[in-house]
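Below: the structure, in structure tokens.
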Ligand SMILES: Nc1ncnc2c1ncn2[C@@H]1O[C@H](COP(=O)(O)OP(=O)(O)OP(=O)(O)O)[C@@H](O)[C@H]1O
Ligand SMILES: [Mg+2]
């Protein structure tokens with residue numbers, strides 16, 4: 125069963141065609157949800173798909189996507205633990221699994237740990253209404269964002285996680301999105317609300333069972349109240365044929381701390397927009413690694429928006445590009461007029477492994493306050509010949525030497541993931557991938 | 248030590264090499280036999296490190312003339328990693344830092360590569376850990392160096408020890424030590440020299456590049472060579488090093504020129 129329909133040219137009614145399936149969604153008992161959806165549908169009437177003429181999509185051509193019509197999955201494939209347990213993480217005692225965007229309760233574990241609630245939308249009741257009212261769709265800006273709006277129009281099974289006041293959740297929460305079918309669109313949605321003084325670690329993990337062509341269009345919203353701490357690890361290991369478009373919006377409350385590491389290995393075309401809004405005295409560390417080869421494209425757009433004084437942000441983004449792959453990094457740091465005494469540091473390192481590998485990088489500082497400390501830097505380079513020679517002079521073959529050095533370049537980011545089993549898996553994946561890159 | 252049954256390990260003839268189009272080595276000859284220790288001395292910039300790197304196969308250096316046979320193989324036909332696997336080891340004058348590559352991982356990879364080459368069993372991480380810790384103890388190196396990136400943030404002396412540690416793991420047939428003594432304090436010098444002596448046996452050979460006689464008190468050379476302007480202009484026994492220490496290099500050059508002149512005159516007559 126294939127739901128991919130080829131169309132000769134980007135159709136005028138592309139979005140309308142996608143929306144044809146939307147009315148089939150079951151109505152939610154929560155009015156707020158139904159309203160969000162219908163507003164999104166209305167808003168879509170005013171939006172068009174971006175093209176390379178749009179500044180924010182200059183380097184990322186999604187015309188291939190518009191030639192395919194991905195529809196939400198209808199027959200859900202039922203998987204057993206044995207099929208997917210190699211994706212599980214031993215540290216995570218709470219696990220939410222979504223198969224092609226649909227919640228799979230039989231693969232998930234929700235413990236009764238105090239302070240953590242996970243809600244499946246159709247069964248949501250009035251007790252969740254407040255969470256949904258106050259946070260869902262409140263952090264992501266749909267204004268010019270056709271993909272986030274589409275995601276909202278198709279809102280069905282969001283992972284809703286709240287951590288109550290002053291609760292420290294020790295074990296990480298693993299939200300695992302498994303793609304299994306070709307030709308389908310899935311609209312993963314996550315909401316994390318960390319109440320005042322709480323802390324939690326979220327692992328947002330995208331994997332594929334097979335090398336299929338599909339579309340992930342995800343939205344994640346993370347709200348940190350005052351004095352909260354969220355560790356956010358995002359891993360994109362989609363199929364090499366997939367499209368992955370993701371929007372993540374984070375509101376970091378007063379004196380809160382947001383730490384994120386995102387790793388992109390998969391997808392033929394991927395785009396990750398991360399927007400972090402910083403309140404007074406908020407801190408964030410935003411690290412990223414894109415490791416791509418063949419004709420993959422990985423585009424990361426981040427915006428760290430200091431809106432209030434005394435914020436601290438640090439960012440390290442790395443790209444390792446092989447084959448004729450193309451990496452894009454656009455790192456915007458905004459320091460608004462009120463954001464005095466902001467301290468911000470951004471660096472971006474790029475390693476090009478072949479002649480045809482390509483990177484477009486654009487750090488962007490927009491500073492409207494006068495008392496700020498901002499530093500940024502970007503490098504593009506190849507492997508160091510002296511390092512390669514040193515390793516070869518010890519008997520290592522050219523390819524092993526280059527692998528090791530390529531791996532080392534990326535390891536700086538992987539090392540920042542505080543979950544040992546995930547770190548090991550990624551180290552392995554990176555080692556395997558780097559050996560393919562060369 | 249010199250003995251009758253020894254075999255030739257390295258034989259270099261008329262070696263010329265350039266870097267960036269500039270000729271640095273200008274007809275260097277050297278023969279090294281098993282069981283021998285050779286010291287190479289000579290002024291700064293005379294080409295000692297260039298010679299060492301040419302032997303190891305650094306691509307920045309182009310061999311324009313001459314030969315180098317290593318145990319019957321043409322060294323210049325082998326890639327750097329093949330030379331290493333054949334048993335050539337260079338302890339660098341300036342070992343580079345490799346951030347992100349764990350020293351333990353690097354050492355195990357190189358060790359196992361060599362084991363595989365020799366048809367010996369490879370060691371898994373745990374077995375290797377025991378093995379390398381023992382070697383480190385002999386070099387009075389803290390096991391902490393295993394967890395760090397290769398040479399990253401190591402002091403000058405620590406880097407040199409890490410080089411000798413690698414030599415101890417790889418057990419080369421020919422160890423070329425380029426100023427391994429520079430940057431070592433007095434205690435470290437004796438520890439490292441002791442480590443080198445432990446590795447030296449009747450089947451392998453060591454070439455020490457050094458500026459100081461002091462090292463040669465610990466590792467006693469069978470031959471001392473003086474390199475000047477890209478060639479070996481004088482060879483003597485260990486007493487030559489003492490003489491160089493007191494008299495410097497100038498007289499060697501003068502003597503060499505006089506001898507050359509004499510040959511030319513004799514030839515003309
Ligand atoms: N990569 C290079 N590019 C340019 N010149 C070089 C390069 N490598 C070596 N040289 C030059 O070759 C000459 C010989 O250098 P080499 O390092 O072999 O000397 P050395 O005898 O080891 O000196 P030292 O005792 O100071 O270590 C020097 O003049 C040096 O500047
Ligand atoms: Mg030198």
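Residue numbers (the working numbering), protein chains in the order written: chain A, 125 to 562; chain V, 248 to 516. Glycine included, C-beta positions come from ideal geometry on N, C-alpha and C.
Against chain V, does residue 535/A count as a neighbour if the rule is that its beta carbon must be under 8 Å from one of theirs? Yes, contact with chain V.
Return yes when the Cβ of residue 284/V is within less than 8 Å of the Cβ of residue 466/V, no when it is not. If you check the CB distance, residue 466/V and residue 284/V come in under 8 Å.
Are the C-beta of residue 477/V and some C-beta of chain A separated by less than 8 Å? Judged by the 8 Å Cβ criterion, residue 477/V is not in contact with chain A.
Got a list of residues with beta-carbon closer than 7 Å to any non-hydrogen atom of ligand 2, in chain order? Having a Cβ closer than 7 Å to some heavy atom of ligand 2 are 295/V, 296/V, 340/V, 425/V, 426/V and 456/V.
Comparing the CB of residue 479/V with every heavy atom of ligand 1, is any distance shorter than 7 Å? For ligand 1, not one heavy atom lies less than 7 Å from the Cβ of residue 479/V.
As assigned by DSSP and simplified to three states, the class of residue 420/V: In the structure shown, residue 420/V sits in coil (DSSP, three-state: anything other than H, G, I, E or B).
Proximity test, residue 271/V beta-carbon vs ligand 1 heavy atom, cut-off 7 Å: The answer is yes for residue 271/V.
Option in 296/A, 147/A and 210/A with minimal Cα separation from residue 279/A: If we check each option's Cα against that of residue 279/A, 147/A comes out closest.
Run through the region 336-360 of chain A for me and flag every whole beta strand (DSSP E) of 3 or more residues, listed as ranges in chain order. 339-348, all fully within the region 336-360 of chain A.
CA-to-CA distance, residue 331/V to residue 133/A, given in whole angstroms: Reliability fails at residue 133/A, whose pLDDT of 41 lies under 50, so the model's placement of it is uncertain and the value that follows must be treated cautiously. Within the model, the alpha-carbon separation for residue 133/A versus residue 331/V is close to 58 Å.
Which of the three DSSP states is assigned to residue 505/V in this structure? Assignment of residue 505/V by DSSP, reduced to helix, strand and coil, places it in the helix class.
Inspect the beta-carbon positions of residue 281/V and residue 256/V and report whether they are closer than 8 Å. Yes, the pair counts as a contact, with Cβ atoms nearer than the cut-off.
Do residue 273/A and residue 167/A have their C-beta atoms within less than 8 Å of each other? For residue 273/A and residue 167/A, yes; Cβs fall inside 8 Å.
Is any beta-carbon of chain V found at less than 8 Å from that of residue 522/A? By this cut-off, residue 522/A is an interface position.
Leaving out the 5 sequence neighbours to the left and right, which residues in its chain are closer than 7 Å to residue 126/A when beta-carbon positions are compared? Its pLDDT being 42, under 50, residue 126/A is placed unreliably in this model, and the coordinates cannot settle the point.
Would you mind sorting residue 433/V into buried or exposed? The rule is 16 or more other CB atoms within 10 Å of its CB. Residue 433/V is exposed by the Cβ-count criterion.
Residues near residue 534/A by beta carbon distance below 7 Å, same chain, minus five either side: So the qualifying residues of the chain are 413, 415, 442, 444 and 554.
In chain order, each beta strand (DSSP E) run of at least 3 residues that lies wholly inside the region 268-328 of chain V: Runs of the beta strand (DSSP E) inside the region 268-328 of chain V: 269-280, 284-288 and 308-317.
Evaluate residue 511/A with the Cβ neighbour count: other Cβ atoms within 10 Å of its Cβ, from every protein chain shown; 16 or more gives buried, anything less gives exposed. By the 10 Å Cβ count, residue 511/A comes out buried.
On a CA-only basis, which of 473/A, 328/A and 408/A is nearest residue 396/A? Give me that one, please. Of the listed residues, the one whose Cα sits closest to residue 396/A is 328/A.
Kindly examine ligand 1 and report whether one of its heavy atoms sits closer than 7 Å to the Cβ of residue 423/V. Not one heavy atom of ligand 1 lies closer than 7 Å to the C-beta of residue 423/V.
Could you give the uninterrupted runs of the beta strand (DSSP E) lying entirely in the region 427-465 of chain V, keeping only those of 3 residues or more? Whole beta strand (DSSP E) segments, 3+ residues: 452-456.
Show which residues of chain A have a CB atom less than 8 Å away from the CB atom of residue 337/V. Residues of chain A whose Cβ lies closer than 8 Å to the Cβ of residue 337/V are, in chain order, 517.
Are the C-beta of residue 550/A and some C-beta of chain V separated by less than 8 Å? Closer than 8 Å to the CB of residue 550/A there is not a single CB belonging to chain V.
If you measure between the beta carbons of residue 457/V and residue 426/V, is that distance less than 8 Å? Residue 457/V places its beta carbon less than 8 Å from that of residue 426/V.
How many angstroms separate the CA atom of residue 355/A from the CA atom of residue 452/A? For residue 355/A and residue 452/A, the distance between alpha carbons rounds to 24 Å.
Within chain A, partners of residue 357/V - CB distance below 7 Å: The contacting residues are 518, 519 and 520.
Can you tell me whether residue 334/A is buried or exposed? The criterion is at least 16 other CB atoms within 10 Å of its CB, across all chains shown. Exposed, by the Cβ-count rule.
Is there contact here, the region 392-407 of chain A with the region 422-430 of chain A, by at least three beta-carbon pairs under 8 Å? The way I'd put it, the region 392-407 of chain A does touch the region 422-430 of chain A; three or more beta-carbon pairs between them come closer than 8 Å.
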